[in-house]
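To start, the structure under review is shown below, and the notes come after it.
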Amino acid sequence: MWNQFFLLEEYTGSDTQYVGKLHTDQDKGDGNLKYILTGDGAGSLFIIDENTGDIHAAKKLDREERSLYVLRAKAIDRKTGRQVEPESEFIIKIHDINDNEPKFSKDLYTASVPEMSRVGIIKTALPDMSRENREQYQVVIQAKDMGGQMGGLSGTTTVNITLTDVNNNPPRFPQSSYQFSSPETVPLGTPLGRIKASDPDVGENAEMEYSLVEGDGSDMFDIITDKDTQEGIITVKKQLNFEKKMVYALRVEASNTHPDPRFQHLGPFKDIAVVKISVEDVDEPPVFNKPFYLIEVDEDVKEGSIIGQVLAYDPDTNKNLIKYSVDRHTDMDRIFNIHSANGSIFTVKPLDREAYPWHNITIIASEINNQKQSSHIPVFIRILDINDHAPEFARYYETFVCENAKPGQLIQTISVMDKDDPPRGHKFFFEPVPEFPLNPNFTIVDNKDNTAGILTRKDGYSRHKMSTYLLPILIFDNDYPIQSSTGTLTIHVCACDNHGNMQSCNAEALILSAGLSTGALIAILLCIFILLILVVLFTALKRQRKKEPLIISKEDVRDNIVTYNDEGGGEEDTQAFDIGTLRNPEAREDSKLRRDVIPETIFQIRRAAPLWENIDVQDFIHRRLKENDSDPSAPPYDSLATYAYEGNDSIADSLSSLESLNADGNQDYDYLSNWGPRFKKLADMYGGDDSDRD
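Going by the numbering used here, the first residue of the sequence shown is number 1311, and it counts up by one from there.
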């Protein structure tokens, strides 16, 4: 092992430390060879005697800095400079001595150990060390080398040890009972007070939750946990009532939310406290026995009728008297009112379901001794339908019939509407009016589906003879009481093509349809103009004729003037009798209410039935008489209308002299002698020759 040398570190001698010697067999000791050293530290740390080959350490070495040096040695001939041996490599190892004490990597260590933990590398010296008693500890640790033998070196460090928390403490209330008070009118959800249980643990080990144990007041109150302060907040869950209960005793439980199963043996991790809540009396407003009221009333109820009742009471112990009123902002028309003492609601004005099917009013109940204490309640009034409206045509119908229509043709389908709303739905019936049960022109067919069809009844119609027909139709419903009305359908006679399409409904078009030329029309107009001129001339000549004296002889009583001092049925009775009606029955006006008497109740105005062509005057009188007898709006007094009728078969025609002024010249009355003995006196007075009359 010549090529391995050993050297102690930290040499403290006065001379250089000898390392070893290099030698070759070629060295004869004559000084011809020279030793040369190269490699790690050669010439600085390590020097060699070039003549002898001795190696020395020139400096003190530290193994902790470098423990191994690699060097190379060679021997050369001084004269020639040639190597006498191949270059050799050798190693110098530094032997360690105990010159360094133990050192810790840190001057200060921080460690944490869960309290109540078992033995570890750093272990507790006492059993069940509690963080709650002491949390921080400082420990000095010494490390020695050489196994702690004499001459060894040592080093120290400091360790700060913190005991970490475990959930080994249950929550505890600092007191067993708490006292709070609250007014009985406090709103729901209002906090009444806070309570807090203490827990020596920290962090999540100290988190807890509060709950109410089943018992007194658990349904009236609630408790929530404040996560920030770990307090229990008691709130109102239901409305309090001093008159029902004045004091509640709640049992509140506090428990850890993260219990540790290792410490369950230490006891239950929860605690219970009693919270007493006193309810304070407050003057409360009246309370209604219902949240709202629904009243149904018939629309024909009489004014002043009681339709319902509301009830309210004072919840306080003194039971103040209550008075009722209607909030007029909800009943602007003042249709309803209420008895202030008993709460009975009654009508003030008539009701109309068709105008307002619902009325939503508000009733106010207030204490008589304290008007500020009041309550409001909605009252919904539903108006029930009464069959008080007669059905009527749904719209105005423009109906026409073709001149070439055949019997049985459908010319119109009518429907009706009714403002009432019966519960079983509408059902309408259509019939001819009783006055004209059989119409010769048209037929009314009830379709049994609330519609009716109008069919033709004869073959062909003529615009020239009758351009418009009025067809009265009796419409009635099936509700109680039955309501009916008479609707008149106006039917125009029109010219149609072969397919039934209307072409014209004007009577003048009948002339144009004959195909007259323009010249023919001008000739007709010219003739009419000439006739008008002749009529004007004839009238002028007639005015110039000398009028004969009204009375020729005192004995001639033909045109005696008879005066009656009777003003009839009253000055305002201007519609008692109209002689023009007898002359043209179909041109009479519709029935109107009399102007001399204002009826108390407005009845439905019955439209007069249309008259057929060629109606007899006697039939007209009987029908007018029947209409007046059945008209409830006509007064049974004041007017007497007398109609003189001489029959249909009289050959004398009319004896009236109302139109005698229109006769031209004298008349021949010789025919009176042929009328029989009853007219002999007239024949003597008016008959005979002109010479006799003179």
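By construction, the Cβ of each residue, glycine as well, lies at the ideal position given by its N, Cα and C atoms. Only a predicted model underlies this, so the values are computations on that prediction, with no experimental measurement involved.
### Message
Along the chain, where does the beta strand (DSSP E) containing Ile1605 start, and where does it finish?
### Response
Where Ile1605 is concerned, the enclosing beta strand (DSSP E) stretches over 1603 to 1608.
#### Entry: Three-state class that DSSP yields for Phe1848 in the structure shown
Residue state, collapsed to three classes: helix.
### Query
Rounded to a whole number of angstroms, what is the C-alpha to C-alpha distance between Asp1941 and Ala1830?
C-alpha separation (whole angstroms): 53 Å.
### Distance CB(Ile1678)-CB(Leu1631) smaller than 8 Å
Contact flag set, yes.
### Query
Around the Cβ of Met1518, are there at least 16 other Cβ atoms within 10 angstroms (buried) or fewer (exposed)?
Buried, because 16 or more other Cβ atoms sit within 10 Å of the Cβ of Met1518.
### Query
Do you know how far the Cα of Arg1663 is from the Cα of Leu1604?
Arg1663 has its alpha-carbon roughly 16 Å from the corresponding atom of Leu1604.
### Query
Exposed or buried, Ile1832, counting other C-beta atoms within 10 Å across all chains shown (16 or more means buried)?
It counts as exposed.
### Message
Once the 5 residues before and after Asp1698 are set aside, which same chain residues still bring their CB inside 8 Å of it?
### Response
Scanning its chain for C-beta atoms nearer than 8 Å, with the 5 sequence neighbours on each side dropped, one finds around Asp1698 the residues Glu1609, Asp1610, Asp1730, Gln1793, in chain order.
### Task
Flag this pair as yes or no: are the beta carbons of Phe1598 and Ala1622 separated by less than 8 Å?
Yes, Cβ-Cβ distance for Phe1598 and Ala1622 is below 8 Å.
### Query
Does Leu1781 come within less than 8 Å of chain C when only Cβ atoms are used?
Judged by its chain identifiers, the structure shown contains no chain C, having just a single protein chain.
### Query
Is DSSP giving Glu1514 helix, strand or coil here?
DSSP places Glu1514 in the helix class (H, G or I) of the three-state scheme.
### Query
In chain order, what residues of the same chain have a beta carbon less than 6 Å from the beta carbon of Pro1732, not counting five sequence neighbours either side?
Closer than 6 Å at Cβ, skipping near neighbours: Asp1789.
### Query
Where Arg1705 and Lys1682 are concerned, what is the direct C-alpha to C-alpha distance, given to the nearest angstrom?
Looking at the backbone, the Cα of Arg1705 and that of Lys1682 are separated by about 56 Å.
### Task
Compute the Euclidean distance between the alpha carbons of Asp1929 and Phe1710, then round it to the nearest angstrom.
When rounded, the distance between both Cα atoms is 28 Å.
### Message
Tell me the DSSP secondary structure of Val1592 in three-state form.
### Response
DSSP places Val1592 in coil when its eight states are reduced to three.
### Query
Exposed or buried, Pro1497, counting other C-beta atoms within 10 Å across all chains shown (16 or more means buried)?
Residue burial is scored here from C-beta neighbours: Pro1497 has fewer than 16 other C-beta atoms within 10 angstroms and is therefore classed as exposed.
#### Entry: Every unbroken beta strand (DSSP E) inside the stretch 1316 to 1368 [3 residues or more]
Listed in chain order, the complete beta strand (DSSP E) runs (minimum 3 residues) inside the stretch 1316 to 1368 are 1327 to 1331, 1343 to 1349, 1356 to 1358, 1364 to 1367.
### Local conformation of His1669 per DSSP, three classes
In the structure shown, His1669 sits in a strand (DSSP, three-state: E or B).
#### Entry: Where Ser1464 falls: helix, strand or coil (DSSP)
DSSP places Ser1464 within a strand segment (E or B) once states are collapsed to three.
### Task
Would you kindly work out how many angstroms separate the C-alpha atoms of Ile1365 and Lys1344, rounded to a whole number?
Between Ile1365 and Lys1344, the C-alpha separation is close to 14 Å.
#### Entry: Collapsed DSSP secondary structure at His1568 in the structure displayed
Shown here, His1568 sits in coil according to DSSP, grouped into three states, outside any helix or strand.
### Pro1744 versus Arg1933, Arg1638, Ile1533, residue with shortest Cα-Cα distance
Residue nearest to Pro1744 within the set Arg1933, Arg1638, Ile1533 is Arg1933 (criterion: CA-CA distance).
### Start and end residues, alpha helix (DSSP H) containing Gln1928
Gln1928 -> alpha helix (DSSP H) spans 1927 to 1940.
### Task
Starting from the Cα of Ala1762, find the closest Cα among Gly1499, Lys1737, Ile1543, Gln1446 and give me that residue.
It is Lys1737 whose Cα lies nearest to the Cα of Ala1762.
### Task
Report all residues from its chain with a CB closer than 6 Å to the CB of Val1546; omit the five preceding and five following residues, and keep chain order.
Counting only Cβ-Cβ distances below 6 Å, and skipping sequence neighbours, we find Val1496, Leu1498, Thr1500.
### Task
Tell me, please, which residues DSSP counts as bridged to Lys1403.
In the DSSP output, where bridge partners are listed per residue, Lys1403 has Phe1316, Leu1378.
### Query
Considering only the beta carbon of each residue, do Asn1751 and Lys1768 sit closer than 8 Å?
Against a cut-off of 8 Å, the Cβ pair of Lys1768 and Asn1751 comes out as a contact.
### Message
Between Pro1595 and Ser1684, how many whole angstroms is the CB-CB distance? I'm expecting something under 8 Å.
### Response
Indeed they touch by this definition, with Cβ atoms about 6 Å apart.
### Query
In this structure, does DSSP put Pro1987 in helix, strand or coil?
Helix at Pro1987.
### Message
I need the DSSP call for Tyr1707, collapsed to helix, strand or coil.
### Response
Looking at Tyr1707 - three-state DSSP - the assignment turns out to be coil, as it is neither helix nor strand.
### Message
Measuring straight from C-alpha to C-alpha, what distance separates Trp1668 and Asp1695?
### Response
Answer to the nearest angstrom: the Cα atoms are 11 Å apart.
### Rounded straight-line distance, which links the Cα of Asn1566 to that of Pro1481
Answer to the nearest angstrom: the Cα atoms are 7 Å apart.
### Query
Secondary structure at Gln1719, three-state DSSP: helix, strand or coil?
Three-state DSSP puts Gln1719 in coil, outside helix and strand.
### Query
Alpha carbon to alpha carbon, what distance is there between Asn1816 and Asp1787?
Those two C-alpha atoms are separated by around 37 Å.
### Message
Suppose you measure from the CA of Arg1638 to the CA of Gln1489; what does that come to, to the nearest Å?
### Response
Looking at the two C-alpha atoms, the distance is approximately 47 Å.
### Message
Pop quiz: Thr1798 and Leu1781 are said to be a contact at Cβ under 8 Å. What is the actual Cβ separation, rounded to whole angstroms?
### Response
Taking 8 Å as the upper bound for CB-CB distance, Thr1798 and Leu1781 are in contact here, some 7 Å apart.
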